[in-house]
Each structure stands twice: as C-alpha cells, then as structure tokens.
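> Residue numbers (the numbering used here), protein chains in the order written: chain A, 1 to 191; chain B, 192 to 382; chain C, 383 to 573; chain D, 574 to 764. Beta carbons are placed, not taken as given, at the ideal position from N, Cα and C, and that holds for glycine. Just so it is clear, the structure is predicted and the values come from calculations on it, not from any experiment. Before I ask anything, here is the structure I am working with.
Number of protein chains: 4
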Amino acid sequence: MLGTSGNFSAVVQRTPLRLAITSSSLPKGTLKASDILQCDEHGRVVGRARGKPSAETLLHVEIARRRGAGAVLHTHSVWSTMLSDAWASGADKDVASVAIQGYEMLKGLAGVTSHEHRELVPIVDNDQDMSRLARRVGETLEHYPQAHAFLLRRHGLYTWGETLADAERHIEILEFLFETIGRTGRSPSWP
Amino acid sequence: MLGTSGNFSAVVQRTPLRLAITSSSLPKGTLKASDILQCDEHGRVVGRARGKPSAETLLHVEIARRRGAGAVLHTHSVWSTMLSDAWASGADKDVASVAIQGYEMLKGLAGVTSHEHRELVPIVDNDQDMSRLARRVGETLEHYPQAHAFLLRRHGLYTWGETLADAERHIEILEFLFETIGRTGRSPSWP
Amino acid sequence: MLGTSGNFSAVVQRTPLRLAITSSSLPKGTLKASDILQCDEHGRVVGRARGKPSAETLLHVEIARRRGAGAVLHTHSVWSTMLSDAWASGADKDVASVAIQGYEMLKGLAGVTSHEHRELVPIVDNDQDMSRLARRVGETLEHYPQAHAFLLRRHGLYTWGETLADAERHIEILEFLFETIGRTGRSPSWP
Amino acid sequence: MLGTSGNFSAVVQRTPLRLAITSSSLPKGTLKASDILQCDEHGRVVGRARGKPSAETLLHVEIARRRGAGAVLHTHSVWSTMLSDAWASGADKDVASVAIQGYEMLKGLAGVTSHEHRELVPIVDNDQDMSRLARRVGETLEHYPQAHAFLLRRHGLYTWGETLADAERHIEILEFLFETIGRTGRSPSWP
Numbered sequence: 001m002l003g004t005s006g007n008f009s010a011v012v013q014r015t016p017l018r019l020a021i022t023s024s025s026l027p028k029g030t031l032k033a034s035d036i037l038q039c040d041e042h043g044r045v046v047g048r049a050r051g052k053p054s055a056e057t058l059l060h061v062e063i064a065r066r067r068g069a070g071a072v073l074h075t076h077s078v079w080s081t082m083l084s085d086a087w088a089s090g091a092d093k094d095v096a097s098v099a100i101q102g103y104e105m106l107k108g109l110a111g112v113t114s115h116e117h118r119e120l121v122p123i124v125d126n127d128q129d130m131s132r133l134a135r136r137v138g139e140t141l142e143h144y145p146q147a148h149a150f151l152l153r154r155h156g157l158y159t160w161g162e163t164l165a166d167a168e169r170h171i172e173i174l175e176f177l178f179e180t181i182g183r184t185g186r187s188p189s190w191p
Numbered sequence: 192m193l194g195t196s197g198n199f200s201a202v203v204q205r206t207p208l209r210l211a212i213t214s215s216s217l218p219k220g221t222l223k224a225s226d227i228l229q230c231d232e233h234g235r236v237v238g239r240a241r242g243k244p245s246a247e248t249l250l251h252v253e254i255a256r257r258r259g260a261g262a263v264l265h266t267h268s269v270w271s272t273m274l275s276d277a278w279a280s281g282a283d284k285d286v287a288s289v290a291i292q293g294y295e296m297l298k299g300l301a302g303v304t305s306h307e308h309r310e311l312v313p314i315v316d317n318d319q320d321m322s323r324l325a326r327r328v329g330e331t332l333e334h335y336p337q338a339h340a341f342l343l344r345r346h347g348l349y350t351w352g353e354t355l356a357d358a359e360r361h362i363e364i365l366e367f368l369f370e371t372i373g374r375t376g377r378s379p380s381w382p
Numbered sequence: 383m384l385g386t387s388g389n390f391s392a393v394v395q396r397t398p399l400r401l402a403i404t405s406s407s408l409p410k411g412t413l414k415a416s417d418i419l420q421c422d423e424h425g426r427v428v429g430r431a432r433g434k435p436s437a438e439t440l441l442h443v444e445i446a447r448r449r450g451a452g453a454v455l456h457t458h459s460v461w462s463t464m465l466s467d468a469w470a471s472g473a474d475k476d477v478a479s480v481a482i483q484g485y486e487m488l489k490g491l492a493g494v495t496s497h498e499h500r501e502l503v504p505i506v507d508n509d510q511d512m513s514r515l516a517r518r519v520g521e522t523l524e525h526y527p528q529a530h531a532f533l534l535r536r537h538g539l540y541t542w543g544e545t546l547a548d549a550e551r552h553i554e555i556l557e558f559l560f561e562t563i564g565r566t567g568r569s570p571s572w573p
Numbered sequence: 574m575l576g577t578s579g580n581f582s583a584v585v586q587r588t589p590l591r592l593a594i595t596s597s598s599l600p601k602g603t604l605k606a607s608d609i610l611q612c613d614e615h616g617r618v619v620g621r622a623r624g625k626p627s628a629e630t631l632l633h634v635e636i637a638r639r640r641g642a643g644a645v646l647h648t649h650s651v652w653s654t655m656l657s658d659a660w661a662s663g664a665d666k667d668v669a670s671v672a673i674q675g676y677e678m679l680k681g682l683a684g685v686t687s688h689e690h691r692e693l694v695p696i697v698d699n700d701q702d703m704s705r706l707a708r709r710v711g712e713t714l715e716h717y718p719q720a721h722a723f724l725l726r727r728h729g730l731y732t733w734g735e736t737l738a739d740a741e742r743h744i745e746i747l748e749f750l751f752e753t754i755g756r757t758g759r760s761p762s763w764p
C-alpha cells in the first residue's frame, strides 16, 4: 500500500447494498474511522459523512454483488504488478490469466482442498474510465466463476472473501504464490 | 507462516507419546494457549481440550518417534518452496534431495562441526493422503538417518531439534542456506 | 538511509530562501532537532545554530528554487543505484534517463492522472565538485521541466514535493517503480 | 546474525590487549551483559567471568592489533556469502578479492572521500583450524593495507572501525554495496 495506493471495502448491508469503503487518495498507514465512507451500489456516498470515496468504488460494487463477498481488498505489490504484465503480454489479452497449480499454499483459498487445484487469476487491462473498467471486471467475474481474485494489468490485485479475515488470508496466499512463480521465472513472456 | 500455513509441536511426554500441537487452520500470528492441543501417537486429541489438531499431525508423530525430537516445526517459505521444486524435477523423485556443502552456516545444525559437512535435505512428494504421506516420511527418515530436515515438494520445510530453540535455529540456518543456494542459481533444473 | 547516507530539507521561508536541512555525515535513524540547520541560498548556515550542513546543500537549493518545492528528500537505495547505472551505460550520458510508462502507480506523482503518463527520470553523472554538480542539476531541471525526480549515477535519488508528505509519497512511488522495472530486467544495458 | 552466527568485540585496553568479546554459540538477539567475556591477546579469558569466548577470537585479535581497531564485527549475510564465493571461484584464491568502485556509498568507509575510490575486499578461504586461519588473516591484512574489511569464503564478513559506531557503519555500507553488486550480476564467475 505504498503512496496512496490500494483501497478496502466491507459490506455493511446487502439489500440495498451498502459498502464501507476507504476515501480516495489517502495513505493507508494512517487511516482514521472518518476516512471510511458508506456508499450505495452506484458508488454514491450515503449517510452523514462527507467525502470522496475511492475512485475504484464501482469495482468493489461489482465484486460484492457478483461474488457475494463480505470484504474486498485491493493492493499494489511489486510481484503482482510484474506478473500482471508478464503473463498478459503475447497472449490474447481479453482472456489472459496467471495459472497456478501444484502448490500446497493454494489450500489457503476458500474451498480449495488439494495442491492439485488449478487456480486461474484473470488479468484485466487497466483503464482510467471506471464505468468501462467495472463492466469489464463484471464480465471477467462471470467468465471465471471459480476465480478467487483478478489482476489489473500493471496495476494490482483484487481479492475478496466472506469475511475481512478471509480476504486478508487470500492476499497473503496469492502474494506468496506470485512471488514464488515470479522468482522461479515461470511465465510465457518473461524477459 | 502466511495465511494459515505451517504447524508446530513439542513433545510433552515420551511413553506413551504425547505431543502438544497447533490446531488446524489457524493464522499463526495470533495463537492463544487454547489453540494448542494434546495428541497421542495416532494423532487423536487427548485431555480435556476439544478441537481439531493440525492435519499433518501424523508427520509430527513420525519425526518425534524416529528422531527422538523434542520439537518439530513446519514452515512454508518462498525459497524452500522453490528449491523443493527445482531440485526434484528431472531426478528420480523418490530419492531427490537438496545437497548443501561448503558453507560455514552448516555448523548451526546440531552435531555439525565443519563447513565441509555435506547435508542432504530429502524431498518428499506432496500428498493429501496423510497416512500415506506419513509412511513415506517415515521411510525417508530411515533412508536419510543424518538429515536434519526434509522438504515436502512445492509445500514446505520440516525440521526439528532436541529443544524448541534447537528447532528454531535449524529453521534459521536452513532458510539462510536455501536463499543463498536459490539466489546463486545452483540447481540441477533451474530455469 | 544506510550508513550516514541521504539528506532532507524543507523550505522555511521563500524570500530570501531559507532551508532547514540535515547536518553533514549523520546516521538518519537518530536525528535530533539540533541536527537540523538553517541555510541561505548559498548553503551558508544562518541563525544561532552552529554546524556543517549537508555537503549536497546546493542541490537542495537548486531544486527548491527551480521547482518551488517545499521539501526535498535524497535517498540511496539498491534499486535506484542499479537503475541509475544500468540506464546510463551505453547511452549519451548527458541526456540519459529512466523511462517509466504504463504503471498505475505513476498516478501517485503530483499532477499525473493516468497510467499512460510517461515519466522520464533524468540521470546526472556523479561528481564530488558540488558547485559543478549543482550547475548540472540546474540544467537538468530546466531540460526536464516535467520531471518529479532525478537520479545521481551510482549514487541515489532526489525527489521533492509541495509538502514533506508529497515528497515522501514520491519516494515510495518511485522506489516501487524502480524495483518493478529492475526486477523485470527492463533496461537498455542490463547484464 | 541468524542461528548463532556472528560475533562482536571491542577493545577494552591496548597494552596489554584486552578484548570484550561475545561468548561462543549464542543467538545474538538475546545477548546479556554476562554473555560478553574479556580475553587477552592469546584468546584466553581473563577476569572473574567464566565461559568460552567465540571460536574466532584469534581473528578479532589479529584485526585489533594490526589495524588498531576499537571494535570488530563479524556477520553472515546472504549477499556477502554469495559474493565471497562467486568472486573467489576461477581466480587465484590466495589473492581473490571483490573490487568495488564508482559508488557514492563508498564514502561511508573511513577516510574515503570520493566515489572514484577503489575498494578491494580480500577473500580468505574458510578453515576450521583457527590458528592457521588467524595467520592467513594476518597476512591478508598486511597484503591489503587499505582494506576496510575482508570476507571468509562461503562464511561471512569481517569489518572494524575506530569505534563501534564506525564498525556498524562499515557493515551497513558494505552490505549495501554487496547487494547492489550481487543483484547487478557483476562477478567474474556468476552463473
């Protein structure tokens, strides 16, 4: 979460959807309670608090709705940035993904019971048009119904879980796997 | 110990064998005393506490019995995962091992008095069938009577010691050596 | 900031220019208030405090004047040192620069609103003659009016911001990008 | 200082030489005052405290006597271990050294005033015979009168300084340079 990167949300209410989400452009190491806003499914702030929710609120809404997630976490790490790039190049970008199989650590992902599981982490091209990007994220989530996460290309990781603890565990597991794969140099296009 | 990975045990009593061992599926950064269970040599919980011991309890039992270890530690690191894979590929997997020789740090392993010592860290194929895996671990321990540790392939490290402090020292020593060998790129099958 | 490397400054007054700057040759982990001196635009200490300001004070003055910066930070990291060298070699050294484009993290630099932004981080040859180096830094700042930072070759990073928090954010963003580019191996002359 | 590796000393008295030095085989993260012993120039414990001084005490004595050092620090890091090996191979081992030139960080070494300084860090073959190793270290110190440090091959770094703070600074500087050179892949025999 270097600079002001990354954002977090948790579902406060399902119907209608209410997300507690971090304000835009804050360093995450010094978050205060008042830096968390409540939004509706269109990304509009509701309630008494004023402020500007994360620019990527619509992506959180897509995930909360389509996956029934209770918490969504978005982080930027060196290894996830590198893999989102190396595995996207040279392939049909709309269906690019990082394939991870054979590692015991995969069992840390919800519902996975064997290292033989094959996890596909789809890669979505980055875009500053948030409505368009949210739409593409929605399509990707439909296209990869088993995925526990996706990568925005040269941008970062989105993962989620039933609870905030589950989403945190997913980050730790995926970052471990990204670093392992990255250091091993397994990639279709690694230089 | 990312996610809920890894598990720890210590021998409480030798005859009959009683192991204090971490419960299954817990994040290790927030362990409480009540997260440690007592098990017998069949991995069954004994005493008043209720809970599910680590899924890998039978491996701890094998090590405690065959090595007379007082403590057993199992961790998942990026470098041990990478080496367990790179040194296993292309070789007869049943006898695969990481060979480490010539490093002063080897003297941190119990009973080693010279950097010229050659440590063979056997690699055992990963398996979700714990009885079968425990049997194979038992055979490996017999086959490598001098080994201070073994690796489960693409899974992690098991090491042990007379005391918990000895086992901790072995982790530090082995992780240092794995990282050094891994960064140097010494491996029969490194990409 | 290993050893006694690096130095920090903040503008106390614009006209005439007054900089608060770290004393020369101090380990930065144990800075006390009395280790910060006040200097004028010629790098001379003003006010009651006595001491020797950072040897690189004139570089801070150049940046404060030409960029209107409120704070200037200079650090030495492994990745910035490596990139300052790898991207300088084999090119016309007077105009060498590290080119960074396509990363979401670029949006953490002041005024940047898209990952498509192309940031050129100029590389200035290192020099122990501080007047000459300050002059060359001044020319470089004029030549790259959009740059948020520059590198001294095999030496380190200079960046700045309207506030100290902005300059800190720039360090985090640039170090992330340097590490990502460095690990990916993108460089005109990487071995 | 992983495992029980490394050892520290400081000169308490010059004539006759008295060294305060860490006891043998202790984890350095939990040192107590009683873990520091006083030795004479033959490595024998003097004073009331009982215990076994570091096995490498004679190397500390050599450095204290030949360099007039006030403090001697010996550490084991991954990068120093790797460089001590990569730069030794393929060369005449008796005169092997790591050459470092052109980095601003070199100015953190005592008496160095320009990045153009060329530091030669000699590499001495490792040996469990401490009298023989001390003799070879003595010869190396004579042969490289300007050196601020030496490496034991596949073992670790020895550096020193007029004060403990100087020796600490030398460790930080040298580790930075070793990592930079190691990551850049500059070596006569890097794989």
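1) Is it true that the region 704-711 of chain D meets the region 623-640 of chain D, where meeting means three or more beta-carbon pairs spaced less than 8 Å apart?
2) According to DSSP, what are the bridge partners of residue 389(C)?
3) Hey, residue 565(C) and residue 182(A): beta-carbon distance below 9 Å or not?
4) Say the cut is 8 Å; is the CB of residue 209(B) nearer than that to a heavy atom of the ligand MN?
5) So, residue 154(A) versus residue 484(C), is the Cβ gap smaller than 9 Å?
6) Closest to residue 165(A) by CA distance: which of 130(A), 83(A), 176(A), 73(A) is it?
7) Write down every uninterrupted run of the alpha helix (DSSP H) in the region 305-359 of chain B whose length is 4 residues or greater and which is fully enclosed by it, in chain order.
8) Considering residue 255(B), what are the terminal residues of the alpha helix (DSSP H) in which it resides?
9) Can you find a CB in chain F that lies within less than 9 Å of the CB of residue 467(C)?
10) Return helix, strand or coil for residue 271(B), following the three-state DSSP convention.
11) Going by C-alpha distance, which of 85(A), 18(A), 104(A) is nearest residue 266(B)?
12) Which two residues bound the contiguous beta strand (DSSP E) that contains residue 404(C)?
13) Quick one: Cα of residue 695(D) to Cα of residue 85(A), how far?
14) Residue 299(B) versus chain D: which residues are under 7 Å apart at the beta carbon?
15) Let's test the definition: count the other Cβ atoms within 10 Å of the Cβ of residue 672(D) and tell me whether it reaches 16, buried, or not, exposed.
16) What residues match up with residue 479(C) in a beta bridge as DSSP calls it?
17) From the DSSP secondary-structure annotation, give me the bridge partner or partners of residue 227(B).
18) Just mark residue 207(B) as buried or exposed, buried being the case when its beta carbon has 16 or more other beta carbons within 10 Å.
19) So is residue 244(B) buried or exposed if we call it buried at 16+ other beta carbons inside 10 Å?
20) With a cut-off of 8 Å on the beta carbons, I'd call residue 406(C) and residue 453(C) a contact; round off their distance for me.
21) In chain C, what lies closer than 9 Å to residue 728(D) by C-beta?
22) By a C-beta neighbour count over all protein chains shown, 10 Å radius and 16 as the cutoff for buried, is residue 88(A) buried or exposed?
23) Drop a sphere of 10 angstroms on the beta-carbon of residue 81(A), count the other beta-carbons inside from all chains shown, and report buried for 16 or more, exposed for fewer.
24) Just the Cα atoms here: how many angstroms apart are residue 300(B) and residue 339(B)?
25) Please state whether the Cβ-Cβ distance between residue 60(A) and residue 319(B) is less than 9 Å.
26) Residues of chain C with CB closer than 8 Å to the CB of residue 76(A), please, in chain order.
27) Decide if residue 416(C) is buried, meaning its Cβ has at least 16 other Cβ atoms within 10 Å, or exposed.
28) To the nearest angstrom, how far is the alpha carbon of residue 580(D) from that of residue 595(D)?
29) Nearest-angstrom Cα distance between residue 205(B) and residue 604(D)?
30) Our contact map puts residue 465(C) next to residue 558(C) with C-beta atoms below 8 Å; I'd like the distance itself, whole angstroms only.
31) List the residues that DSSP assigns as beta-bridge partners of residue 202(A).
32) Any beta-carbon of chain B closer than 9 Å to the one on residue 725(D)?
33) Which value, in whole angstroms, describes the spacing of the CA atoms of residue 593(D) and residue 502(C)?
34) What are the residues that DSSP puts in a beta bridge with residue 685(D)?
35) Taking buried to mean at least 16 other C-beta atoms within 10 Å of its own C-beta, is residue 180(A) buried or exposed?
Reading off the structure:
1) yes
2) As a position in the third sequence, residue 389(C) is number 7, starting the count at 1. Bridge partners of residue 389(C): 456(C).
3) In the third sequence, residue 565(C) corresponds to position 183, counting from 1. In the first sequence, residue 182(A) corresponds to position 182, counting from 1. Cβ atoms of residue 565(C) and residue 182(A): closer than 9 Å.
4) Annotation note on the ligand MN: not contained in the displayed structure, which lists no ligands.
5) The count along the first sequence starts at 1 and reaches residue 154(A) at position 154. The count along the third sequence starts at 1 and reaches residue 484(C) at position 102. Their beta carbons are under 9 Å apart, which means residue 154(A) touches residue 484(C) by this criterion.
6) For the purposes of this step, residue 165(A) is identified with residue 165 of the first sequence, where counting begins at 1. Nearest option by C-alpha distance: 73(A).
7) 321-334
8) As a first step, residue 255(B) must be located in the second sequence, where it is residue number 64. Its alpha helix (DSSP H) spans residues 248-258.
9) Absence of chain F from the displayed structure is noted, the protein chains being A, B, C and D.
10) The residue you call residue 271(B) lines up with position 80 of the second sequence. Helix, per DSSP.
11) Position 75 of the second sequence, counted from the start, is the residue given in the question as residue 266(B). Residue 266(B) has its Cα closest to that of 104(A), out of 85(A), 18(A), 104(A).
12) Position 22 of the third sequence, counted from the first residue, corresponds to residue 404(C). Taken as a continuous stretch (DSSP letters only), the beta strand (DSSP E) holding residue 404(C) covers 400-404.
13) The residue labelled residue 695(D) in the question sits at position 122 within the fourth sequence. The residue labelled residue 85(A) in the question sits at position 85 within the first sequence. About 41 Å.
14) In the second sequence, the residue the question calls residue 299(B) occupies position 108. Within chain D, the residues near residue 299(B) are 576, 577, 578.
15) Indexing the fourth sequence from 1 puts residue 672(D) at position 99. Exposed, because fewer than 16 other Cβ atoms sit within 10 Å of the Cβ of residue 672(D).
16) Taking the third sequence and counting its residues from 1, one reaches residue 479(C) at position 97. Answer by DSSP bridge pairing, in chain order: 504(C).
17) Locating residue 227(B) in the second sequence gives position 36, where the first residue counts as 1. In the DSSP output, where bridge partners are listed per residue, residue 227(B) has 213(B).
18) The residue you call residue 207(B) lines up with position 16 of the second sequence. Residue 207(B) comes out exposed.
19) Taking the second sequence and counting its residues from 1, the one referred to as residue 244(B) is at position 53. Classification of residue 244(B): buried, given that the 10 Å Cβ count is 16 or more.
20) In the third sequence, counting from the first residue as 1, residue 406(C) sits at position 24. In the third sequence, counting from the first residue as 1, residue 453(C) sits at position 71. Between residue 453(C) and residue 406(C) the Cβ distance is about 19 Å, and since that is not below 8 Å, they are no contact.
21) Taking the first residue of the fourth sequence as position 1, residue 728(D) is located at position 155. Those within 9 Å of residue 728(D) in chain C number zero; the least Cβ separation is about 23 Å.
22) Here the question's residue 88(A) lines up with position 88 in the first sequence. The residue is buried, with at least 16 neighbouring Cβ atoms inside 10 Å.
23) Sequence index remark: in the first sequence, residue 81(A) carries index 81 (1-based). Counting Cβ neighbours within 10 Å, residue 81(A) comes out buried, since at least 16 surround it.
24) Mapped onto the second sequence, residue 300(B) falls at position 109. Mapped onto the second sequence, residue 339(B) falls at position 148. Going by the C-alpha atoms only, they are around 7 Å apart.
25) Working through the first sequence from its first residue, we reach residue 60(A) at position 60. Working through the second sequence from its first residue, we reach residue 319(B) at position 128. Result no, Cβ atoms of residue 60(A) and residue 319(B) do not sit closer than 9 Å.
26) Taking the first sequence and counting its residues from 1, one reaches residue 76(A) at position 76. Neighbours of residue 76(A) on chain C, chain order: 486, 487, 558.
27) Counting from 1 along the third sequence, the entry for residue 416(C) is found at position 34. When all chains shown are included, residue 416(C) counts as exposed.
28) For the purposes of this step, residue 580(D) is identified with residue 7 of the fourth sequence, where counting begins at 1. For the purposes of this step, residue 595(D) is identified with residue 22 of the fourth sequence, where counting begins at 1. Cα-Cα distance, rounded: 6 Å.
29) On the second sequence, residue 205(B) is found 14 positions in, with the first residue counted as 1. On the fourth sequence, residue 604(D) is found 31 positions in, with the first residue counted as 1. Approximately 32 Å between the Cα atoms of the pair.
30) The sequence position of residue 465(C) within the third sequence is 83, counting from 1. The sequence position of residue 558(C) within the third sequence is 176, counting from 1. No, residue 465(C) and residue 558(C) are not in contact; Cβ-Cβ is about 12 Å, not under 8 Å.
31) The first residue shown for chain A is 1 and the last is 191, placing residue 202(A) beyond what the model contains.
32) For the purposes of this step, residue 725(D) is taken as the residue at position 152 of the fourth sequence. Yes, residue 725(D) lies at the interface with chain B (some Cβ there is under 9 Å from its Cβ).
33) Start at 1 with the first residue of the fourth sequence, and residue 593(D) comes out as number 20. Start at 1 with the first residue of the third sequence, and residue 502(C) comes out as number 120. Approximately 52 Å, taken between the alpha carbons.
34) On the fourth sequence, position 112 is the one that residue 685(D) refers to. Note: residue 685(D) sits in no beta bridge, so no partner.
35) By one-based count along the first sequence, residue 180(A) stands at place 180. Buried.
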